[in-house]
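Visitor:
Numbering (this note's numbering), first residue to last: 30 to 180.
(1) Along the alpha helix (DSSP H) that carries residue 179, what are the first and last residues, could you check?
(2) Just checking my contact of residue 162 with residue 82 at CB under 8 angstroms: how many whole Å lie between their CB atoms?
(3) Kindly indicate which three-state DSSP category residue 34 falls into: helix, strand or coil?
(4) Is it right to say residue 124 is buried, meaning 16 or more other beta carbons lie within 10 angstroms of its own, or is it exposed?
(5) Can the beta-carbon of residue 152 be found less than 8 angstroms from the beta-carbon of residue 114?
(6) Taking one C-beta from the region 133-140 and one from the region 46-54 each time, how about it: are there three or more such pairs within less than 8 angstroms?
(7) Roughly how many angstroms lie between the CA atoms of residue 202 and residue 60, to the nearest whole one?
(8) Work out the CA separation of residue 134 and residue 34 for me, nearest whole Å.
(9) Start and end of the alpha helix (DSSP H) containing residue 56?
(10) Rounded to whole angstroms, what's the CA-CA distance from residue 31 to residue 112? Just pull it up for me.
(11) Can you tell me whether residue 167 is helix, strand or coil according to DSSP?
(12) What does residue 154 pair with, by DSSP beta-bridge criteria?
(13) Kindly list the residues whose CB is nearer than 6 angstroms to the CB of residue 80, restricted to its own chain and excluding five residues on each side of it in sequence; keep chain order.
(14) Report yes if the C-beta distance between residue 175 and residue 54 is below 8 angstroms; otherwise report no.
(15) Just mark residue 86 as buried or exposed, buried being the case when its beta carbon has 16 or more other beta carbons within 10 Å.
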């Protein structure tokens, strides 16, 4: 798991061959905001989703993890908390769905929590269970880009 500001994204290009293209999409959004939806960058190998939402209380949510994708979660407006726990330590609450590449994990109070504000991102790898969209006390709507990079 990595958390940082968009201004430092070049530091992470070496983590995966598609990382630079992923951040190019995020930077393009900074210059020309896009409507919520899915954006194909390289088919299923690299795509982005722009979502707008109100964060929720963390106790009402579950962690998620993926086997085939790295997630870049980038807050473009608003702020939220995101939870993190190593996947091996997270109790599975919904079994892995191979079609959707997702499993869910029960809420765990032992998690690490980071606050992402506008212009910050977190990168989650398959070994990371993560819980985005948690309310941090702000009433402002969030806009987040999730870039999915096939491992």
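The C-beta atom is built at its ideal place from N, Cα and C for all residues, glycine as well.
Guide: Looking at the coordinates:
(1) In the chain shown, the residue the question calls residue 179 occupies position 150. Looking at the DSSP string, residue 179 is not in any alpha helix (DSSP H); the run it does join, the beta strand (DSSP E), is 171-179.
(2) In the chain shown, the residue the question calls residue 162 occupies position 133. In the chain shown, the residue the question calls residue 82 occupies position 53. That pair is a contact at about 6 angstroms.
(3) Your numbering for residue 34 matches position 5 in the chain shown. Correct three-state label for residue 34: strand.
(4) For the purposes of this step, residue 124 is taken as residue 95 along the chain shown, with counting starting at 1. Residue 124 is exposed by the Cβ-count criterion.
(5) By one-based count along the chain shown, residue 152 stands at place 123. By one-based count along the chain shown, residue 114 stands at place 85. No, these two residues do not count as a Cβ contact at 8 angstroms.
(6) Judged by pairs of C-beta atoms under 8 angstroms, the region 133-140 does not touch the region 46-54, as fewer than three such pairs exist.
(7) Nothing can be reported for residue 202, as the shown portion of the chain is limited to 30 through 180.
(8) Counted from its first residue, the chain shown places residue 34 at position 5. Counted from its first residue, the chain shown places residue 134 at position 105. Between the alpha carbons of residue 34 and residue 134 lies a gap of roughly 27 angstroms.
(9) Counted from its first residue, the chain shown places residue 56 at position 27. In the DSSP annotation of this structure, the continuous segment of the alpha helix (DSSP H) that includes residue 56 starts and ends at 48-60.
(10) Reading the chain shown from its first residue, position 2 is the one you call residue 31. Reading the chain shown from its first residue, position 83 is the one you call residue 112. Between residue 31 and residue 112, the C-alpha separation is close to 12 angstroms.
(11) To locate residue 167, count along the chain shown from 1; it is residue 138. Coil, per DSSP.
(12) Here residue 154 refers to the residue found at position 125 when the chain shown is read from its first residue. Per DSSP, residue 154 has no beta-bridge partner at all.
(13) Here residue 80 refers to the residue found at position 51 of the chain shown. For residue 80, where only same-chain residues beyond five positions count, the Cβ hits under 6 angstroms are 65 and 173.
(14) Numbered from 1 along the chain shown, position 146 holds the residue referred to as residue 175. Numbered from 1 along the chain shown, position 25 holds the residue referred to as residue 54. Not closer than 8 angstroms, so no.
(15) Within the chain shown, numbered from 1, the residue matching residue 86 stands at position 57. Exposed: under 16 other Cβ atoms inside 10 Å.
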